[in-house]
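Numbers in my numbering are just positions in the sequence shown, counted from 1, shifted up by 11. Ideal Cβ placement from N, Cα and C applies to all residues, glycine included. Note that the coordinates shown come from a computational prediction; the quantities given were computed from them, not determined experimentally.
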Amino acid sequence: MMMSPVEFFKTLPAKQCPECGQPIEEQAESYMMECEHCLSKKEE
Ligand SMILES: [Zn+2]
Numbered sequence: 012m013m014m015s016p017v018e019f020f021k022t023l024p025a026k027q028c029p030e031c032g033q034p035i036e037e038q039a040e041s042y043m044m045e046c047e048h049c050l051s052k053k054e055e
C-alpha cells in the first residue's frame with residue numbers, strides 16, 4: 012500500500028529513541044534518530 016509522504020508523516024507516532032525508548036522532541040532541522048542523551052554518549 013502506497014502512502015503519500017504527507018499521509019505517512021501524519022501517521023507516524025511520536026519519534027522514539029531506539030536506544031533508550033525516550034520520546035524525541037521533533038526539531039524542524041533535526042534528522043537525529045536518537046535522543047540528545049544517547050547522541051552525546053556517542054560523540055567522540
Ligand atoms: Zn536515547
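### Query
Say the cut is 7 Å; is the CB of Glu45 nearer than that to a heavy atom of ligand 1?
Yes.
#### Entry: Per-residue DSSP class, three states only, for Pro34
Looking at Pro34 - three-state DSSP - the assignment turns out to be strand.
### Query
Would you report the Cα separation of Met44 and Met13, rounded to the nearest angstrom?
Met13 has its alpha-carbon roughly 24 Å from the corresponding atom of Met44.
#### Entry: Straight-line gap, Lys52 to Gln27 (C-alpha atoms, nearest Å)
Gln27 has its alpha-carbon roughly 17 Å from the corresponding atom of Lys52.
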